[in-house]
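**Q** I have a structure I would like to understand better, so I am pasting it below and will then ask my questions one at a time.
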Amino acid sequence: MKKITLATICTCLSVCVLAYTMTKEQLVHLLKNGKPEMRSVVIGFTARPFKYNGVDVIECYNKKGVLRYLPNSPMMELTVVNKKGRRKMFYFDTILFADSTQNSIIGCESRLLYIYKKIDLEDIDRLELQEDVMNWEYSK
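Take the sequence shown: its letters are residues 5 to 144, numbered as in this note's numbering.
Structure follows, in structure tokens:
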């Protein structure tokens, strides 16, 4: 029984591996050029509105350091690692500047509970991108 549980845990952890990275400068550039608008994500039988950052294509690097362009989607996650090594996961399409100074970002950690967190840009050590295993989609 323990072997099955350990194998299951290892398999689950391997599904959500680091796929892409981006620099703070890339993120800031994308957010400055995005055109925020209201959108909705289908959750169960309802559409939940949120403020979409207006970034349609994400510029990032794959594991080999090759520049890639990924389509933004409701399944794209951004993991922010701060200088202390702590990690916070946000849905990429919800990342916005927290205020007009553009010194911090805010993003949604949970589409179900609408949990938003703010992070100062100076506290960010690295940014990692991956796709969520949930099959979210925008409402039409």
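C-beta atoms are modelled at their ideal positions from N, C-alpha and C, and glycine is treated no differently.
Going by Cα to Cα distance, which pick from PRO78, GLY48, GLU113 is closest to TYR56?
**A** Distances from the alpha-carbon of TYR56 to those of PRO78, GLY48, GLU113 put PRO78 closest.
**Q** Expressed to the nearest angstrom, what Euclidean distance is found between the alpha-carbon atoms of MET80 and VAL45?
**A** Taken atom to atom, the span from the alpha-carbon of MET80 to that of VAL45 is near 13 angstroms.
**Q** By Cβ distance below 7 angstroms, which residues in the same chain neighbour THR15 in space, the five residues on each side in sequence not counted?
**A** With a pLDDT of only 40 at THR15, under the threshold of 50, the placement of this residue in the model should not be trusted, and no figure is reported.
**Q** Give the straight-line distance between the Cα atoms of ASN107 and GLU63, rounded to the nearest whole angstrom.
**A** 20 angstroms
**Q** Do ASN76 and ASP103 have their C-beta atoms closer together than 8 angstroms?
**A** no
**Q** Are TYR65 and TYR118 closer than 8 angstroms when you measure CB to CB?
**A** no
**Q** Have a look at LYS121 and VAL70 and give me their C-alpha separation to the nearest angstrom.
**A** 30 angstroms
**Q** Excluding the five sequence neighbours on either side, which residues of its own chain have a C-beta within less than 7 angstroms of the C-beta of LYS87, listed in chain order?
**A** ASP127, ASP129
**Q** Kindly identify the DSSP beta-bridge partner or partners of SER108.
**A** ASP124
**Q** Using alpha carbons as the reference points, say which of PHE49, ILE110, THR27 lies closest to GLU141.
**A** PHE49
**Q** Taking DSSP as the reference, what is the three-state secondary structure of THR50?
**A** strand
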